[in-house]
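Read through the structure below, which is laid out as structure tokens, and then see the notes.
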Amino acid sequence: MSRAVQTMFDEISGRYDRLNHLLSAGRDLAWRRTAVAMLPPLSEGARVLDLCGGTGDFAAALRRAHPQAGCIIGDFSIPMLARSFAKGLDAPPVALDALHPPLKPGAFDAVLCGFGMRNLDDTAAGIRAVQELLNAKGTFVTLEFFRPDGLFARFFYGALAPVFIPFVGAALGSRRTAYEYLVNSVRRFRTAKEYAMLCREAGFAETKIRALDGGIAHIIVARKLSGKAS
Numbered sequence: 030m031s032r033a034v035q036t037m038f039d040e041i042s043g044r045y046d047r048l049n050h051l052l053s054a055g056r057d058l059a060w061r062r063t064a065v066a067m068l069p070p071l072s073e074g075a076r077v078l079d080l081c082g083g084t085g086d087f088a089a090a091l092r093r094a095h096p097q098a099g100c101i102i103g104d105f106s107i108p109m110l111a112r113s114f115a116k117g118l119d120a121p122p123v124a125l126d127a128l129h130p131p132l133k134p135g136a137f138d139a140v141l142c143g144f145g146m147r148n149l150d151d152t153a154a155g156i157r158a159v160q161e162l163l164n165a166k167g168t169f170v171t172l173e174f175f176r177p178d179g180l181f182a183r184f185f186y187g188a189l190a191p192v193f194i195p196f197v198g199a200a201l202g203s204r205r206t207a208y209e210y211l212v213n214s215v216r217r218f219r220t221a222k223e224y225a226m227l228c229r230e231a232g233f234a235e236t237k238i239r240a241l242d243g244g245i246a247h248i249i250v251a252r253k254l255s256g257k258a259s
């Protein structure tokens, strides 16, 4: 990920949670709960990586739903990781580059990634890196804002979001450019179906797509288990 994007997240880390909850009307918390619920059963001591985990909201949702699992939070922004640490989560923060994570291949039963893959310089390489971190039956859950392909989502990201999101971010003291970046990165990203195809190309044998709130966000579950892709 570029140094400019890293610096942007460093600078907005103190307001990141509050703005996300406000801009999504709290739906981002519900989306994480739904994504965690789509994980397969996790055994005692299962190992989970919250990739691009930022301030730890995904790890917190995992802890509530699967207290028996162990989790670490990986992110490239030290200030964001510091916010996760301050929450008292039982999930050690680790500074890392998602394209080159310094973690043991096959070490994880599951990898979660919330709103992070869109920020990588190479999405396909990021997916391949996750695939290598998972064990033979591992699961990769992505919660993301994908380029819209439905009518409502195209209207939201084409007409409403470019005006509303940067305005609210600036009004609450954050950098307007950071939230302009958010909207533009969605419009430049892949669709959910294109992303699922990248997962299959990276070696995931099974994918499932779930649209949230009219396609504003999507969850994609990719599993290394054998099975028919859908």
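Each residue of the sequence shown is one higher than the one before, counting from 30 in our numbering.
Glycine is no exception: its CB is placed at the ideal position from the N, C-alpha and C atoms.
Along the chain, where does the beta strand (DSSP E) that runs through residue i open and close?
i: T236; result: 235-241
i: A124; result: 122-124
i: R28; result: Any question about residue 28 goes unanswered here, given that the chain covers just 30 to 259.
Can the beta-carbon of residue i be found closer than 7 Å to that of residue j?
i: S214; j: P108; result: no
i: I238; j: A225; result: yes
i: R61; j: A94; result: no
i: N148; j: V250; result: no
i: L277; j: L132; result: In this structure the chain extends from 30 to 259, so residue 277 is not present and cannot be described.
i: A139; j: L68; result: yes
i: R176; j: T220; result: yes
i: A207; j: M37; result: yes
i: L71; j: A98; result: yes
i: C142; j: A120; result: no
i: R216; j: Y186; result: yes
i: I156; j: L227; result: yes
i: S275; j: D39; result: Residue 275 lies beyond the range of the chain shown here (30 to 259); nothing can be said about it.
i: T168; j: M146; result: no
How many whole angstroms separate the CB atoms of residue i and residue j, which I take to be in contact at a CB cut-off of 8 Å?
i: A16; j: P130; result: Examination of residue 16 is not possible in this model, given that the chain is present from 30 through 259 alone.
i: G103; j: G85; result: Contact flag wrong, Cβ pair sits at about 11 Å.
i: G243; j: G179; result: 7 Å
i: T63; j: L241; result: 7 Å
i: F144; j: F174; result: 7 Å
i: F233; j: Q160; result: 6 Å
i: K166; j: L254; result: 6 Å
Over what stretch of residues does the alpha helix (DSSP H) that includes residue i continue unbroken?
i: C228; result: 221-230
i: D46; result: 45-52
i: D39; result: 32-41
i: S113; result: 107-115
i: R205; result: 205-217
i: A127; result: That residue, A127, is in no alpha helix (DSSP H); it is neither H nor E in DSSP.
i: L180; result: 180-184
Self-check item: Runs of beta strand (DSSP E) wholly within the stretch 135-170 (minimum 3 residues, chain order)
Solution: 137-143
Practice problem: Flag this pair as touching only if the stretch 119-135 and the stretch 150-169 have three or more C-beta atom pairs under 8 Å; answer yes or no. | Solution: yes
Quiz prompt | 4-residue-minimum alpha helix (DSSP H) runs that sit fully inside the stretch 59-101, ordered along the chain | solution = 86-94
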